[in-house]
Ligand code: ATP
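What follows is the structure in C-alpha cells.
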C-alpha cells in the first residue's frame, strides 16, 4: 500500500510563501495530476514529496510511514523529470539498470526487470545503444523505463513529456497511461497542460498561488468547477462569464434573458457557461460574431454579448461570418453560477 498523505504542508523561500498549508491524500495506485500555471507551486510540492526540498511546516506520509525527515532514497519513490537525466555515456540497458545496481539486486533480477520494462516502453531493440545517440522521445522512454524498473511504491513525474513534439507527446501520453495502470505504483504527475491532465488523471488537483483550488475527477473539474478560477483555467477556450442581476428569488437577469438560478440572497452573481454548451436558437443571448475561427469539426466564434467578448464553439456546418447576429441558447443543465465576492461556485 502506498497511500500518500500530505498534512498542512507549507513552504516559504525567504519571505515568499510558495505553498500555503496543503492537505491532500493520494490513494494507493491512484494517478494524481497537479495542474496549474507556471509558478503556482506544483514543482515545489512534488519536490517536497520526493525529499528534494524540506517543507517549512507539515508532514508527508507514504504507505503509513512519516517520510518528511527521510532522505529521498529511503522513501520508496522513483522520479522522471523534464530534462530526462539519462546518462549519455551509458547504454540504454545500463541506464535502466542503474538504480537496480545501486540497490545491489542480483544480475538475474536486473536482466529480468530491464528486459520487461524495455519491452513495456517499446525500446527493447535499443538496449545496446548509447543513450547519447537517442532521439528525445527515445531518451524519454528510457527515463520512464528506468523509473518503472525500480518497481517503486510511488512514481513522481515533473512535466516528463514537455520536451517532445506534439505527435510524440500524444503517443507517449497514451503509453504512460497504459503502463502505469498496469504497474503497482501510485503516481503524481506535474503539468501545466490541461489536456494532458484530463487524459491521464484519476484525479486532478488544480493549484493557484500555492493553494489547491479543487481536487476532483477530470470530468468534475470540467463540469463543476468549484471556483471561478477553475472555470477560467480549464477548458479551451475557457468558460464565459456574464454578470447576473437578481430579479426575484431564484430569478436572474443575464444579458437581457430571464433565467432560473440559485435562490441566493446576493444582488448579483456571475452566470457561467462553456463555449461548447451553447446552441443557436430562438430566445437566446443576442450575440454579434466578431471573429470566426474554423477548427475542423467545430468553429470557434468570438462574439460580443452585452458589449463583452463571449465565445461559442459551434458545429462547423453552421455558416457564420463576422458581423452576423446570432441568438445563443445556453444548455440549461450546463449553466453554473459563481459568487462574485468569494469567487466560489454557488
Ligand atoms: P513551473 O511550471 O514554472 O515549473 P511551478 O508551479 O512548478 O512552476 P514552482 O517551481 O513550485 O512552480 O515555484 C513556485 C514559486 O516558488 C515560484 O514563484 C518560484 O519562483 C518560487 N521558488 C521555487 N523555488 C525557489 C527557490 N529555491 N528559491 C526561491 N523561490 C523559489
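Residue numbers (the UniProt record's numbering): 1 to 346. We put the beta carbon where it would ideally sit given N, CA and C, even for glycine.
For residue i, the residue or residues it bridges with in DSSP
i: residue 280; result: 328
i: residue 298; result: 315
i: residue 42; result: Note: residue 42 sits in no beta bridge, so no partner.
i: residue 57; result: 10
i: residue 286; result: 327
i: residue 186; result: 154
i: residue 268; result: 245
i: residue 240; result: 273
i: residue 293; result: 300
i: residue 309; result: 304
i: residue 260; result: 251
i: residue 17; result: 12
i: residue 130; result: 91
Proximity to residue i [Cα-Cα], best of the options
i: residue 227; options: 153, 337 and 173; result: 337
i: residue 297; options: 79, 304 and 317; result: 317
i: residue 334; options: 277, 325, 324 and 152; result: 277
i: residue 91; options: 133, 319, 173 and 236; result: 133
i: residue 17; options: 245, 157, 258 and 56; result: 56
i: residue 347; options: 306, 311, 153 and 181; result: Because the chain spans 1 through 346 in this model, residue 347 falls outside it and cannot be assessed.
i: residue 139; options: 94, 182 and 104; result: 94
i: residue 196; options: 214, 164 and 182; result: 164
i: residue 255; options: 266, 240 and 48; result: 240
i: residue 61; options: 263, 1 and 166; result: 1
i: residue 209; options: 198, 12 and 75; result: 12
i: residue 242; options: 229, 284, 308 and 231; result: 308
Beta-carbon separation (whole angstroms), residue i vs residue j, contact threshold 8 Å
i: residue 327; j: residue 273; result: The pair is not a contact, with the Cβ atoms about 14 Å apart (cut-off 8 Å).
i: residue 204; j: residue 218; result: 6 Å
i: residue 353; j: residue 7; result: The structure shown does not extend to residue 353, since the chain spans only 1 to 346, so no value can be given for it.
i: residue 78; j: residue 160; result: Actually they are not in contact, since the Cβ atoms of residue 78 and residue 160 sit about 12 Å apart, beyond 8 Å.
i: residue 131; j: residue 88; result: 5 Å
i: residue 237; j: residue 275; result: 5 Å
Entirely within the region 88-125 and at least 4 residues each: give me those alpha helix (DSSP H) ranges in chain order.
92-102 and 107-120
Kindly provide the chain-ordered list of residues whose Cβ lies closer than 6 Å to any non-hydrogen atom of the ligand ATP.
13, 16, 18, 36, 38, 39, 40, 41, 42, 43, 44 and 192
Can you give, in chain order, each stretch of the alpha helix (DSSP H) that sits fully within the region 168-219 and has at least 4 residues?
194-200
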